[in-house]
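Written out below as structure tokens is the structure these notes cover.
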Ligand code: FES
Ligand code: FES
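Chains as they are written, first to last, in our numbering: chain A, 1 to 758; chain B, 1001 to 1164.
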């Protein structure tokens, strides 16, 4: 039975904008990020990576590297415990252990250019890199495929031989093309056949990278008790512990992971790459600490992009504007190992609308590119591009108003999501209504520069958000301040949003709560910072811990007053007797009397939340395009999003704006541009070209609050959904400006010029 | 990093001023200023994002000019003066930019923040009242993947107003 809560309209702390607790450290350069750690006797590691996109590794000769001055250890896959094809849970569902190990250091085959093959530890970073280059690898280069069509072409070998006989591959007819699911409801074929208006489109998306500014890093050492200590930048210290333990075949309790400050992740710092390498290097080098920091090129070539892929979608509507049918096939690129997150795409594709007849078929497609990792609402932006584009096309074809059609068919409480669940209270209608009321929606496009054209588009998006497990410990100081210990790494202000929920519950100020993110020895299990879950789930754990602390303090107050604990109530930061109005004491004053009433007061809160609160956003964008060069400027952008309840509105706005900046990059510019032999050609920031301050306007934000009934303060989670609508929003604006529909990302200058030229 | 270790002096003698303090040390001739600050001087506030001059996380001020410290050699600062993020706050408190970044929530993960602060200070030191476009133009060499720049630009505007 899931507890539900009545929303309050007024709070003391929630909804205010205090300065974040870790802010001072971060503006003065004192905060210790992963790469900043320095330990006694520490040496440096470096990784050698495959230059080939698909190659059999025939032999590795490490002798020249080993002979170099200053080199302490060289490792290959053979130094990792040998893994079988067995399924293990690495915190994100079941994974084949051999693939997890092989992605850390390749064994028999390199599956993408940038795949780690060997590693070195040496006295300093420069020597380690020099030594890594001295390792000789003999490759037999195989035919590589870097997109959906090529990977299932005749003669393309299986990227993973294990897949040849898998049921999913048997069904699709190719080992690189693994059928994952079919979701079907109603009769989509009949509904499309009977629809008055049918639109159909194929959408092609390139992989994009999360682009966090801090490269991956890890430092590891085996201590005197043969426990492995790891310091790293991660979205989840416990998930790192779980992955390391499985890969190194040791008990989780033999690993302590300390999460240092993290310089961005967006999903890309959930999987591990360097930690087991640092561990085996440390072991081989005599148990000294080994630090590894990835170079930027390897971050692009060797870590987590978001899936590209091909999406085929068909929609049918009646002549009076009811969306009656949808049929889609999703072929999402997983990289060299399975895991495109196509399942999430299937959950999201129809989630903004009520569609009575539907089908979704999902494939995981192996290609010779890095293994996909989560990227902010993983899988949803791609399918939003398809459906929100096609809905515009449908409206244009049938003469429907684009806003009204969306509003008439909007998902609401009771609507069935494509993969089955029935929605609880959600805010799609409220978001659409709020979008229609924005100044942006109701104002003119403005005049373009001479020769340029302008256009406006809007689109919506959904992300389900997750709950999962979190733990929080509280201890009360004599001065009435509270220490809050949490396991959620703080990637963008969650120390503040967690502390604020504890403060609200305890009736004290945000500044009176001191949040600390600790290692895996020091707090209970806490799942990753991801799924927009931290403010929701860890905030809920903080609430539970605060409630427990209040209950304990009621007992303390009753001891002071020699009354029954049941007679003590707590309101607005004050404990008082229900029966004797004379008896009352403020939270802070009672904190000073702990010594008289039995000693310190501590409390814990933990949650395992199955339900979350799905979030919706609608975005509006104006673009200005120079038809001669194809250059597209986003001149105005507005985000409307349901946050449930905004705990710290500045950081909610920040999440919205940041997600949009990434989404605009995805729409207009970013891609894995692969050479014919399967190497990423633009693996630097210069060539990958993420948006700079000059590429974006100020981004207007409208926070809608439809409280999530299953959270004490109504929180839904806000981090991910803002990246979902931008690709179709920008695409719809481009269509409006130039009159031509682009169905491929990125919608860059070259594509626009050639579309206009043809 | 493609620096080759070639024969030559194994260490270069450097006398320099960092955040107003005199420093003297030996540095390998191939070592970047970024690594010199982080590994030799022990100032890790300056961050590494790319090592090829394209992210600005490593921005420092060298004799009053904004540079990417990953593109400068440590040996080059001999006789020069370097300012890093660690030098921005004084005994009187935070620099107005630091204060404005906190108040405007201009950082999320914060890895880009030192570079933005040093770069923005370089702007305001020379142009106390830049308009929004000028701020965006000046900061275009600093990448932030978290904020979408909106709150960073507002923070710089706020600091500029406060310093006027
Ligand atoms: S690390 Fe110097 S510009 Fe990126
Ligand atoms: S705050 Fe994370 S990169 Fe700018």
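Backbone N, C-alpha and C fix where the C-beta goes; we use that ideal spot for every residue, glycine too.
Exercise. Please name the residue or residues paired with residue 309 (chain A) in a DSSP beta bridge.
Key: Looking at the DSSP assignment, residue 309 (chain A) forms a beta bridge with A:205 and A:332.
Quiz item: Based on Cα-Cα distance, which residue from A:95, A:114 and A:46 lies nearest to residue 130 (chain A)?
Solution: For the set A:95, A:114 and A:46, the Cα lying nearest the Cα of residue 130 (chain A) is the one of A:46.
Quiz item: Hey, would you say residue 309 (chain A) sits closer than 8 Å to residue 235 (chain A), going by beta carbons?
Solution: Residue 235 (chain A) sits away from residue 309 (chain A), with the two beta carbons spaced by 8 Å or more.
Quiz prompt | 8 Å Cβ cutoff, residue 74 (chain A) in contact with chain B | solution = Answer no: the Cβ-Cβ gap between residue 74 (chain A) and chain B never drops below 8 Å.
Quiz item: Going by the CB atoms, is the gap between residue 496 (chain A) and residue 21 (chain A) shorter than 8 Å?
Solution: In this structure, residue 496 (chain A) lies closer than 8 Å to residue 21 (chain A) by Cβ.
Quiz prompt | Cα-Cα separation between residue 323 (chain A) and residue 615 (chain A), rounded to whole angstroms | solution = Rounded to whole angstroms, residue 323 (chain A) and residue 615 (chain A) show a C-alpha spacing of 21 Å.
Self-check item: Partner residues on chain B for residue 654 (chain A), Cβ-Cβ distance less than 9 Å
Solution: Contact annotation for residue 654 (chain A) against chain B: 1105, 1106, 1107, 1108, 1146, 1147, 1148, 1150 and 1151 [CB-CB distance below 9 Å, chain order].
Quiz item: If you run the structure through DSSP and keep just helix, strand and coil, what is residue 681 (chain A)?
Solution: Of the three classes helix, strand and coil, the one that applies to residue 681 (chain A) here is coil, per DSSP.
Quiz item: Would you say residue 549 (chain A) and residue 476 (chain A) are within 8 Å of each other, going by their C-beta atoms?
Solution: Yes, the pair counts as a contact, with Cβ atoms nearer than the cut-off.
Quiz item: From what residue to what residue does the alpha helix (DSSP H) around residue 553 (chain A) run?
Solution: Residues 539–561.
Quiz item: What does DSSP give as the partner residues of residue 1066 (chain B) in its beta bridges?
Solution: B:1061.
Self-check item: Beta-carbon neighbours of residue 1139 (chain B), restricted to chain A and to distances below 9 Å
Solution: Around residue 1139 (chain B), the beta-carbon contacts reaching into chain A at under 9 Å are 692, 693 and 694.
Quiz item: Based on the DSSP output, what are the partners of residue 458 (chain A) in its beta bridges?
Solution: The partner list for residue 458 (chain A) (beta bridge, DSSP) reads A:620.
Exercise. Could you tell me which chain A residues have their CB closer than 8 Å to the CB of residue 1052 (chain B), listed as they occur along the chain?
Key: Going along chain A in sequence order, the residues near residue 1052 (chain B) (Cβ under 8 Å) are 296, 684, 685 and 686.
Quiz prompt | Pairwise C-alpha distance: residue 727 (chain A) and residue 759 (chain A) | solution = In the structure as shown, chain A starts at 1 and stops at 758, and residue 759 (chain A) therefore has no counterpart that could be examined.
Practice problem: For the alpha helix (DSSP H) containing residue 1155 (chain B), list its first residue and its last residue. | Solution: DSSP places residue 1155 (chain B) in the uninterrupted alpha helix (DSSP H) bounded by 1150–1163.
Practice problem: Report the neighbours of residue 1089 (chain B) on chain A: residues whose CB is nearer than 7 Å to its CB, in chain order. | Solution: Those within 7 Å of residue 1089 (chain B) in chain A are 28.
Quiz item: Using DSSP with H/G/I as helix, E/B as strand and the rest coil, what is residue 750 (chain A)?
Solution: Of the three classes helix, strand and coil, the one that applies to residue 750 (chain A) here is helix, per DSSP.
Practice problem: Assign residue 396 (chain A) to buried or exposed, taking buried as 16 or more other Cβ atoms, counted over all protein chains shown, within 10 Å of its Cβ. | Solution: Burial state of residue 396 (chain A) is exposed, judged by a 10 Å Cβ sphere holding fewer than 16 other Cβ atoms.
Quiz item: For residue 4 (chain A), which three-state DSSP category applies?
Solution: Residue state, collapsed to three classes: coil.
Quiz prompt | Residues that residue 622 (chain A) contacts on chain B, provided the C-beta gap is smaller than 8 Å | solution = What residue 622 (chain A) touches in chain B: nothing, since even the nearest Cβ is about 16 Å away.
Quiz item: Between which two residues does the beta strand (DSSP E) harbouring residue 134 (chain A) extend?
Solution: It is not in any beta strand (DSSP E) - residue 134 (chain A) carries neither H nor E in the DSSP assignment.
Practice problem: Return yes when the C-beta of residue 1107 (chain B) is under 7 Å from any heavy atom of ligand 2, and no when it is not. | Solution: Relative to ligand 2, the nearest heavy atom lies less than 7 Å away from the CB of residue 1107 (chain B).
Self-check item: Contact list for residue 261 (chain A) against chain B, beta-carbon separation under 9 Å
Solution: Chain B residues near residue 261 (chain A): 1109, 1110 and 1111.
Exercise. Return no unless some Cβ of chain B is closer than 8 Å to the Cβ of residue 360 (chain A).
Key: No, its Cβ sits nowhere closer than 8 Å to a Cβ of chain B.
Quiz item: By the 10 Å Cβ neighbour count, where 16 or more other Cβ atoms means buried, how is residue 209 (chain A) classified, buried or exposed?
Solution: Classification of residue 209 (chain A): buried, given that the 10 Å Cβ count is 16 or more.
Quiz item: Going along the chain, which unbroken runs of the beta strand (DSSP E) with 3 or more residues stay wholly within the stretch 51–137 of chain A?
Solution: Qualifying beta strand (DSSP E) stretches, in chain order: 55–61, 71–76, 87–89, 94–96 and 116–122.
Quiz item: Taking Cβ positions only, does residue 1085 (chain B) come closer than 8 Å to chain A?
Solution: By this cut-off, residue 1085 (chain B) is an interface position.
Quiz item: Helix, strand or coil: how does DSSP classify residue 1001 (chain B) here?
Solution: With a pLDDT of 46 at residue 1001 (chain B), under the threshold of 50, the modelled position of this residue cannot be trusted; read the value that follows with caution. In the three-state reduction of the DSSP assignment, residue 1001 (chain B) falls in the coil class.
Quiz item: In the structure shown, what three-state DSSP assignment does residue 177 (chain A) receive?
Solution: In this structure, residue 177 (chain A) counts as strand in the three-state DSSP scheme.
Practice problem: Please name the residue in A:232, A:558, A:269 and A:188 whose C-alpha comes closest to that of residue 356 (chain A). | Solution: From the listed residues A:232, A:558, A:269 and A:188, the smallest Cα separation to residue 356 (chain A) is found for A:188.
Quiz item: So, using beta-carbon positions, are residue 692 (chain A) and residue 367 (chain A) closer together than 8 Å?
Solution: It is not a contact, given that the beta carbons lie outside the stated cut-off.
Quiz item: Hey, is the stretch 430–437 of chain A in contact with the stretch 689–707 of chain A, meaning 3+ C-beta pairs nearer than 8 Å?
Solution: Counting Cβ pairs under 8 Å, three or more are found: they touch.
Quiz item: Are residue 112 (chain A) and residue 336 (chain A) closer than 8 Å when you measure CB to CB?
Solution: It is a contact, given that the beta carbons lie within the stated cut-off.
Exercise. Please name the residue, chosen from A:351, A:564, A:354 and A:539, that lies closest to residue 713 (chain A) on a Cα-to-Cα basis.
Key: Closest option to residue 713 (chain A), Cα to Cα, is A:539.
Practice problem: Taking 8 Å as the threshold, find out whether the stretch 26–35 of chain A comes into contact with the stretch 1042–1049 of chain B through three or more Cβ pairs. | Solution: A contact exists between the stretch 26–35 of chain A and the stretch 1042–1049 of chain B.
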